[in-house]
Structure formats: C-alpha cells, structure tokens
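There are 2 protein chains.
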Amino acid sequence: MAQAQKITPRAKDYSEWYNDVVMQAELADYSPVRGCMVIRPHGYRIWELMQRALDDMFKATGHQNAYFPLFIPMSFLAKEAEHVEGFAKEVALVTHTRLKATGKAGAQALMPDPESALEEPLVVRPTSETIIYAMFAKWIQSYRDLPLLMNQWCNIVRWELRTRLFLRTTEFLWQEGHTAHATEAEAEAEARQMLGVYRTFQEDWMAMPVITGRKTDGEKFAGALRTYALEALMQDNKALQAGTSHNLGQNFAKAFNVQYQTAAGGLEYVWNTSWGVTTRMIGGLVMTHSDDNGLVCPPQLAPVQVVIVPIWKSEEEKNQVLGVGGKVKEELARAGVRVELDARDSLKPGAKYFEWEAKGVPLRHTRRNPGRVVSGSQGSTRSAFHPRRHQAAVSRVHEGRGWIRVRRLLWLSRVRGRDQAADGGNRAGAPRSRIPLG
Amino acid sequence: MAQAQKITPRAKDYSEWYNDVVMQAELADYSPVRGCMVIRPHGYRIWELMQRALDDMFKATGHQNAYFPLFIPMSFLAKEAEHVEGFAKEVALVTHTRLKATGKAGAQALMPDPESALEEPLVVRPTSETIIYAMFAKWIQSYRDLPLLMNQWCNIVRWELRTRLFLRTTEFLWQEGHTAHATEAEAEAEARQMLGVYRTFQEDWMAMPVITGRKTDGEKFAGALRTYALEALMQDNKALQAGTSHNLGQNFAKAFNVQYQTAAGGLEYVWNTSWGVTTRMIGGLVMTHSDDNGLVCPPQLAPVQVVIVPIWKSEEEKNQVLGVGGKVKEELARAGVRVELDARDSLKPGAKYFEWEAKGVPLRHTRRNPGRVVSGSQGSTRSAFHPRRHQAAVSRVHEGRGWIRVRRLLWLSRVRGRDQAADGGNRAGAPRSRIPLG
C-alpha cells in the first residue's frame, strides 16, 4: 500500500508521476554525478531486451557491429562546419591524464597534474561520425568495398543543462549505425530503410505508435543533408522524438576524404548515412503505457513476465506452497517465460502485489489458500497454483502481439479523439516535424 | 598469397607476428587517438560471443546487469587511500564542457571554453568501485537486501604509455562484477566462485588453459583485501593475466559508508567483491592458438564457422555453383552454424583461401569443378558442394568441445615439456603469482 501511494497521479502532476513510476519500478536512479543516471537492473533488462530485438533486425539488414574510440581529437569535430556548431556547447573535454596530491584534506586533496596536460584536448563522443569516417577513409578504396554497413552500441555524452531520467541525460546509451554507399540513391534508401526498422520495432515490440517525417532544415542533424525522425505521442499530449535517421550526403566524406575508385576507374566521394535510437526509448515506453499504479510493460519487453506470489499461514503451508511455486516457476522458465517466485517472508502479499504492479509485471499468480481450489484433496500441492491459469499465462505472454494490437487501437482512437477536439488539421500534441515521407 | 606473406613468422619476431595476425584477421585497427584501438566487426563478433557465454554464466550464478555513470567525481577516488594511489597516474580527466572558437584556422580553430571549467573535475572510470559503492550505500539498508549481486558491461579508460592491440589499450571493454555480502566468508566464496566461472569460460570456451592463484600483496588490486588471478601461458613462454577476482573486504564499505542492519538489529559494514575480464582475452585467444598462417579460433567463438568458396570457369557454372552455395549456406545457417558464402568475383580462389585462413574460419568448403563429383549427372547442382562434408562440418562445429580437449592436451603437454627442460620446480614462463588457492 505504502508503495503505491508514492506514485503521484498523472492528473495531479504528470512530470512527478513520470519520475515516480521510474523510481518505484526501480528502472533508474539519480547518481552523484550531475545529469548522469544509474540504470538499475530492472531498467537495464528492458534495454537488453530492446537491444536484442533491434540487433537482430540490424544484422538481418546486413549490418555488422564494431567498436570505435570513446575519445575524439578536438580538431576532428572542427572538420565539418555545421557539425561542430551543433555540438560545441555540450561536449565533455578531457584535458589531463594524471592526478596530483594538493596536500589539502577531503574534497580538495587532489587536482589535475598540470604537467599531464594534453597537447590536444579530447572530446568524449557526443556522436561518432568524425572518428568513424576517419576510419572509413582507411578501409574504403574501391566500389567493391561498398556498401559498408556498420553499427555500434555504446555510451554517449552531451552536456545537458536540464536532465530527466531516460528522456535527457548527460550520458546515455544508444546505437549508432554508420554506412557508406556509392550513390545518393542508395544512401537515401538506407536512411529510409532504417527509419522503417525503427518504426517496426517501436510499434510491434514497444506498442508505441509513431509518426515518421522529415525534419525541417533548422531541425536536422548538424552536418546532415536530410534527417528523418520518429515522433511518438505521450500521455501529456506532447510528442517525444523516438529516433532519427540521417542521409548525410557527402558532407562528412568530403571533410574526411572518404573516396572510392569507381568501376570505370574514376574517384568519387562516398555517401553516408547514420541513424540511432537511445535509452530514451525506455522513457517513451513508460509514458506510453503506464498508469497511476506504476509501469505497464508489453510482455515481450517485460523483464519479469510472470510473478508467482505464494501465500501461507503456517510453516507447513509455506513449505508446501513454495515447493509447488518452485515447480511452476521451472515449468514456465522451460517454456521460455521470464518468471520470478517471490518467496520473501519480510513482506505481506498485499505489499508484494503493489511492488510487482509498480514494476510492470504483466501477469501475477497467487492463491490465498493453497488447498481450497482442489476438489477432494485438501492441501494438494499440484493444483495450488492453478496450472490451467499458468498455461493461459504462457499463451498470453507468447501472444503479446495481440496485446499490442489492442493498445495501438486504443491509442489511435485517443489521438483521433483529440484531433476532433482540436481545430481540425492542427492537431494538439502532434509532432512538430511531420513533413510527410516521400 | 600476398596476404599470407604479410604475416611475420613467429620464429622471426613474435611481437610483429601478433600484430600481423590481429591486423590480417581484421580483428582491430589503430585509431587516430593515441593508445585507443578500433575493434573491427570480425573482432567485435568474437567479443559478442564471449559476452553472450559469460553473461549466461553470470546470470546463472544470480547476477543482474546494470549501468553506472562513465564519470566519477575526482573526490570519490580519494576516499579509499590505496585505490587513488593505484590509479592517480593513469586517469583521463574531464575539466571543461564547451568548445570555443579561437579565430585561428585548422587544428588550432578550437579551445576549451575557460568559462565552462568544472568546479570538480570528473574522472573517466578506470574501474567503478567508488561510484558503484556510493549507490550501494543508498540501496542497502538491511540484511534482507543482501547479497546484492551486480555486473556491468562497459568501457574503461586507463592512460597507458605503451599500448598493444587488445593486450593493453587506453580504452578497453570489460565487464566488472560488484557484489555486497553480509559476511567475510560469503564474500570470499563469491570471489572464488567467479574465479571459477572465468576458468570454466577460458578453458571450455576459449580452450586456453589457465593457472589460478592469489596475488602477492604488492600486486593485488588497489584497495583489495585479496586478489585472485588467472594466468595463461602464451606461445612466447610469457604469462598473460587473463582475469582477476577481488575480495575487497570492508575497505570500500567503510570509505562509502555501506552499512546494513543485521537480523539482530545491529549495524555492520558490508563485504564487497569485484571481478573482471576484458577485451584482452581476444589477445589471449590469438596468442594461444594462432600460427604463421593467421588466426586459429575455437569453433564456438569463431565469427564465421564455415566459409563456402565457390569456383567457376564460365558464367553458366557461376550461376549454378552460386545457386547451390546459397542453398547450402541456408541449410547450415538453419542448423545454427555461422556461415559465409564468398561470392566475390574480384578475388581468385587462392586469395580467398588465404584470407579466410588468416581470419580463423575453422572449416572451408570448396570445389574446383562443380560437376566432377556427381556420378552420372554432370553439372548437377545438388552435389556440387559435397553435402556429406557439410553434414560433417555441422557435427564438427557442434563438437567444438572435442576440438578443445585436444588443444588443451597439446598445450598441457607442451607446458610439461618445458617444465622438464627447465630446472624442475621453477617453470620457465610460469606466472609470477602462483601462490596456490586455498
């Protein structure tokens, strides 16, 4: 009870509600480093499940993962004029490489050793176009090396003044795809293909309907020819940018001299694309589905899909009910279900219910009296957890897509309802950038 | 041919041989950032396969993944005296958060904006004990919160003067396990358990025999009570430290005030462990198995387990042989084998053989004349790739553990041979720290 009351209702304060849901579900926590968050196990598991699904889609479309340095020489950023302008005011700069004792006590005990100052400061990557295309220049010689299709899963730092858990943090996790192509048409097709991959993931896995569109020139990525974006509608009628895909043209190829020999023997600059989604998607997931009782999570992305909450009144009942619970857990786990048995004796069942509901577990199994359900054999362990309901649980979890269809319909009807309430064409809460695709 | 000749023989220059194998197999490349490497797709795939196997073992032993900030406030490092002493001379320090135009051209066009200087510099994590235990202090209240078993996959920066691809780089990838326990005995058991997990992985997956032992006080981790390590013997008779597991005692718990209420109502400091393995393992894999023709990779960790090299003399033969190749590839992929069909027409078969051998592909399938093997029907596509040999390939890949047993026996006999050649007890190339475990 106490737990559930800690969540501020949406109607009272939407922003507080969001923070409460994230904290109560133990998705993330504030860290002692300004603007940086800690992603706790329950939140990180969602990210792992997202990663697995997206990574499979990236590999199915021919991309390979690689890893590029965290640090970018300061001068690299300057090579593409719009790019440096876009990022100059939000970069973390490494300038020294040793600590020195000051002789003072406490927080003042150390200082950067002036003798360790770097000749050229290093930028902690705010995005990796510059360092990656410097490597592409080394690897690409001929049209036979194209297309080059890469992706990187990594951490990113952008010095943000106002931060919100998952939605905007100084450090965040993401993937960034980077590709090089022989023609503009191929790069354009790639940028749009990956936008489609993101849409498929966000709609089919996250059950988060999105609107895709092209950004205006004023809003496009710093250094891009064209930027496509996905925007999702949140419960406060505001749009959340959920991903971007850029046709970079030849801007970076020219800045980093990424050229290839054509089949005819000529020399041309390559055409690049880059595209990314971040841990912000977890914030989008929270705001799309959750309610005043806490996180609501699509079964495919739920860290725990089924929780078993056993209830006992005596030691004997406890042993019995935990014995059955353990077996049911094993059975479900074998069927590929992510399942937990909550055997804690420090919490009452009601407190456990509220905790697991706040954590967004799709299905809870419990039984007040382990014997009552069984016709004939009081106390039989076999039926104590309603095996048939567990079978149903397995099916419902595996039929997550059905759940998603219902959610999408609900959402779309809500969006349409708002359309009519607003002034016709100018939809309340619609994404700013909805220039139609193609 | 040209490719293979680029690998310096081990006997001539072991160090050059290692670099050549890494570069020729396209595992990694030098980056424009001093001491930082790029992990190329072929090398990163090995890391992904290592991660998957280890992560399953971590989860099976009850650990959950989480993510903590890249940055650590400078003052945090100072809280554990030995810890700061151990890392003070190799940390990257973030001191500014904005770039400023200087008005100059080229590499001098930018400088850190003096107005963006941080009040307290941030350390790019050289390891995460301090930031993680600061969070543990927030999450741990009672004995019921223990043990707390976490792991993090992330990047790490230690400013190294001399670097070698995979073996010692300024930035590297690793996992760091961090746990908190109620008693010293539990922490000690955890530290040793994880040492055992590493041994299992390195011997059963990497086929790299290791010797485990306890580090001397002079060599233990900065801030640890006891450090256990795994040492593997490389082909140059030198030991490579392949992983460490630390019983941290209550050193960090006291520095960060991580206390818990006991069942009896008292207040105690927790006992911590931390343990990690890094991308250095890829260097160990290279040096354990590879030869003068390039990378040799255990099938379980091979990014490509089978390569199909089709050969044709006419356009008709090409279509035929690629058609069959595609089907065989699909069949193998369905059987769970990582397989490539090398359809490039820009390289002769001999060049392809050398390239794939350098990349450590366990099995190659090829056929000079697609018709010759088929009794009766000249040019039949069905038999052109010897289906029976593919069946054998699937079995051999899936029987990788057999391959590993043979490798280990070969290795152990080689090590023993050296024992006898040397002065009895004092084994040539034996790890420095081989104080026996318990």
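Chains as they are written, first to last, in numbering that gives the first Met the number 0: chain A, 0 to 437; chain B, 0 to 437.
Backbone N, C-alpha and C define an ideal beta-carbon position, used for all residues, glycine too.
Taking B:Thr129 as part of the alpha helix (DSSP H), name the residues at either end of that continuous run.
It spans 128-138 - the alpha helix (DSSP H) in which B:Thr129 sits, taken as one unbroken run.
Specify the secondary structure class of A:Ala179 as computed by DSSP and reduced to three states.
In the structure shown, A:Ala179 sits in a strand (DSSP, three-state: E or B).
Taking all protein chains shown into account, do 16 or more other C-beta atoms lie within 10 angstroms of the C-beta of A:Gln107, making it buried, or fewer, making it exposed?
Exposed, because fewer than 16 other Cβ atoms sit within 10 Å of the Cβ of A:Gln107.
With a threshold of 8 Å between beta carbons, is A:Ser30 in contact with chain B?
At least one C-beta of chain B is nearer than 8 Å to the C-beta of A:Ser30.
Identify the contact partners of B:Val93 in chain A, using a Cβ-Cβ distance below 7 Å as the criterion.
Neighbourhood of B:Val93 in chain A, by CB distance below 7 Å: Ala91, Leu92, Val93, Val123, in chain order.
Pairwise C-alpha distance: A:Gln234 and A:Pro348
A straight-line Cα-Cα distance of about 31 Å links A:Pro348 and A:Gln234.
Exposed or buried, what is A:Asp344 when buried is set at 16 or more other beta-carbons lying within 10 Å of its beta-carbon?
A:Asp344 is exposed by the Cβ-count criterion.
Use the C-beta contact count for B:Pro298: other C-beta atoms within 10 angstroms, 16 or more gives buried, fewer gives exposed.
Taking every protein chain shown into account, the CB of B:Pro298 has 16 or more other CB atoms within 10 angstroms, so this residue is buried.
Taking 8 Å as the CB-CB cut-off, is A:Ala301 touching chain B?
Under the Cβ criterion of 8 Å, A:Ala301 is not counted among the residues facing chain B.
Assign B:Gly105 to buried or exposed, taking buried as 16 or more other Cβ atoms, counted over all protein chains shown, within 10 Å of its Cβ.
With fewer than 16 Cβ atoms within 10 Å of its Cβ, B:Gly105 is classed as exposed.
Closest Cβ-Cβ distance between A:Leu340 and chain B: below 8 Å?
It does not; no Cβ of chain B falls within 8 Å.
From B:Val303 to B:Thr287, what distance separates their C-alpha atoms?
Distance between the alpha carbons of B:Val303 and B:Thr287 is about 19 Å.
Endpoints, beta strand (DSSP E) assigned at B:Thr105:
Thr is not the amino acid found at residue 105 of chain B; the sequence shown has Gly there. Counting along the chain, no beta strand (DSSP E) covers B:Gly105, and no H or E run does either.
How would you call A:Arg213, buried or exposed, if buried means at least 16 neighbouring beta carbons within 10 angstroms?
Of the residues assessed, A:Arg213 falls on the buried side of the cut-off, its CB having 16 or more other CB atoms within 10 angstroms.
Can you tell me whether A:Pro8 is buried or exposed, with buried defined as 16 or more other CB within 10 angstroms of its CB?
Exposed is the label assigned to A:Pro8, since fewer than 16 other Cβ atoms lie within 10 Å of its Cβ.
Between which two residues does the beta strand (DSSP E) harbouring A:Glu230 extend?
Taken as a continuous stretch (DSSP letters only), the beta strand (DSSP E) holding A:Glu230 covers 225-232.
Which residue marks the beginning of the beta strand (DSSP E) containing B:Asp28, and which one marks its end?
Taken as a continuous stretch (DSSP letters only), the beta strand (DSSP E) holding B:Asp28 covers 27-29.
Give a yes or no on whether the minimum CB-CB distance between B:Met134 and chain A is below 8 Å.
Taking Cβ atoms only, chain A reaches closer than 8 Å to B:Met134, which makes this a yes.
Whole-angstrom Cβ separation of A:Leu145 and A:Val269, contact assumed at under 8 Å?
Here A:Leu145 really is in contact with A:Val269; their C-beta atoms are around 7 Å apart, less than 8 Å.
Return the CA-CA distance between A:Thr226 and A:Ala80, expressed in angstroms with no decimal places.
Between the alpha carbons of A:Thr226 and A:Ala80 lies a gap of roughly 17 Å.
Could you check how far apart the C-beta atoms of B:Asn485 and A:Leu69 are, in whole angstroms? I think they sit under 8 Å.
The structure shown does not extend to residue 485 of chain B, since chain B spans only 0 to 437, so no value can be given for it.
Proximity to A:Ile45 [Cα-Cα], best of A:Val306, A:Val320, A:Leu362, A:Ile281:
With distances taken between Cα atoms, A:Ile45 lies closest to A:Ile281.
So what does DSSP say about A:Thr278, is it helix, strand or coil?
Coil.
Tell me which same chain residues have a C-beta within less than 6 Å of the C-beta of A:Gly462, skipping the five on either side of it?
In the structure as shown, chain A starts at 0 and stops at 437, and residue 462 of chain A therefore has no counterpart that could be examined.
8 Å CB neighbourhood of A:Leu109 in its chain, flanking five on each side removed
Cβ within range, chain order: Leu98, Lys99, Ala100, Thr101.
Is there contact here, the segment 264-279 of chain A with the segment 178-191 of chain A, by at least three beta-carbon pairs under 8 Å?
Contact between the segment 264-279 of chain A and the segment 178-191 of chain A is present, because at least three Cβ pairs lie under 8 Å.
Can you list, in chain order, the residues of its chain whose CB lies under 7 Å from that of B:Ala91, leaving out five sequence neighbours each side?
Hits under 7 Å: Val123, Val156, Trp158.
Three-way DSSP call (helix, strand, coil) for A:His95 in this model
A:His95 sits in a strand when the DSSP states are folded into three classes.
Going along chain A, which residues have a C-beta under 8 Å from B:Pro68?
Residues of chain A passing the Cβ test: Ser30, Val32, Cys35, Met36, Val37, Glu170.
Establish whether the CB of B:Glu47 and some CB of chain A are separated by less than 8 Å.
At least one chain A Cβ lies under 8 Å of B:Glu47.
Mark A:Ser141 as exposed unless 16 or more other C-beta atoms lie within 10 angstroms of its C-beta, in which case mark it buried.
Classification for A:Ser141: exposed.
Does DSSP put B:Asp341 in a helix, in a strand, or in coil?
In the structure shown, B:Asp341 falls within a coil segment according to DSSP collapsed to helix, strand and coil.
I'd like to check one pair, B:Glu170 with B:Cys296: are the Cβ atoms closer than 8 Å?
Going by C-beta atoms, B:Cys296 is not nearer than 8 Å to B:Glu170.
Taking 8 Å as the CB-CB limit, is A:Trp158 close to chain B?
Answer yes: the Cβ-Cβ gap between A:Trp158 and chain B drops below 8 Å somewhere.
Mind reading off the beta-carbon distance from B:His37 to B:Asp28? Whole number of angstroms is fine, and I expect it under 8 Å.
Just to set this straight, residue 37 of chain B is Val in the shown sequence, not His. Under the criterion of beta carbons closer than 8 Å, B:Val37 and B:Asp28 qualify as touching, at roughly 5 Å.
According to DSSP, is B:Asp235 helix, strand or coil?
Reduced to three states, the DSSP call for B:Asp235 is coil.
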